[in-house]
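In the working numbering, the protein residues as written are 2 to 206. We treat Cβ as the ideally placed atom computed from N, Cα and C, and that holds for glycine.
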């Protein structure tokens, strides 16, 4: 497969326009041009570690604080899933568990896998790595489902002294964790993936 770099051209990461190698900015969108983002992996690791750190309190602290008849109850993410199962809402519990645990943990693993693999020379399946990168970016938007549910419940269930729902500290932590992992995925320079060809050429950092 011939790339823009093989033809001595640069590709704008913002709009995809091809440019001459001596150009410093894109003629269409004025974004800065570079053959490769040399600090890409550093940015990936920085955002990934930040997201992983903030994900810990997102699971330890309460996601929701419910007050009913002057009695308060706090629920963590996993605790909320268990409560939903006990109430027979298996489908909702499964959705929350997948969106809150499976997807975030899966993203952490895949992003770390890509970063480690691209930092090492040797033969790689560039097409498979590119698919993993695209999958991480695609599913990232669905990781905010817990935050959306909390926002909807807070807006709808406000009955003064009878019942009320307030978001817990974990809601903010979870939202930040999702944002950090999305930034980590976007920090990847996909061109580095295609540099790692099946023939074993080391990637150009």
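Which residue marks the beginning of the beta strand (DSSP E) containing residue i, and which one marks its end?
i          : result
residue 72 : 72-76
The alpha helix (DSSP H) that contains residue i, what's its start and end?
i           : result
residue 43  : 41-61
residue 95  : 91-98
residue 1   : Because the chain spans 2 through 206 in this model, residue 1 falls outside it and cannot be assessed.
residue 88  : Careful: residue 88 lies outside any alpha helix (DSSP H) and carries neither H nor E.
residue 121 : Unbroken run through residue 121: none, as it is neither H nor E.
residue 139 : 127-140
What does residue i pair with, by DSSP beta-bridge criteria?
i           : result
residue 173 : Answer is none; residue 173 lacks a bridge partner.
residue 12  : 19
residue 105 : Paired residue(s): none; residue 105 is not in a bridge.
residue 33  : 26
Rounded to a whole number of angstroms, what is the C-alpha to C-alpha distance between residue i and residue j?
i           : j           : result
residue 135 : residue 28  : 27 Å
residue 118 : residue 81  : 36 Å
residue 63  : residue 126 : 42 Å
residue 195 : residue 131 : 8 Å
residue 120 : residue 87  : 46 Å
residue 199 : residue 10  : Caution applies to residue 199, whose pLDDT of 43 falls short of 50 and renders its modelled position unreliable; the value that the coordinates give is listed next. C-alpha separation (whole angstroms): 22 Å.
residue 12  : residue 19  : 5 Å
residue 100 : residue 128 : 26 Å
residue 30  : residue 113 : 31 Å
residue 187 : residue 138 : 7 Å
residue 52  : residue 22  : 35 Å
residue 104 : residue 98  : 9 Å
residue 14  : residue 167 : 41 Å
residue 175 : residue 50  : 14 Å
residue 43  : residue 32  : 21 Å
residue 193 : residue 47  : 18 Å
residue 94  : residue 83  : 7 Å
My understanding is that residue i touches residue j, with C-beta atoms under 8 Å, so please give their C-beta distance in whole angstroms.
i           : j           : result
residue 34  : residue 41  : With a Cβ gap of about 15 Å, residue 34 and residue 41 do not count as contacting.
residue 189 : residue 115 : 7 Å
residue 76  : residue 65  : 5 Å
residue 96  : residue 178 : Actually they do not touch by this definition, with Cβ atoms about 18 Å apart.
For the segment 166-185 against the segment 104-117, do three or more pairs of beta-carbon atoms, one drawn from each stretch, fall closer than 8 Å, so that the two count as touching? yes
Decide if the segment 48-62 is in contact with the segment 167-177; the criterion is three or more beta carbon pairs, one per stretch, under 8 Å apart. yes
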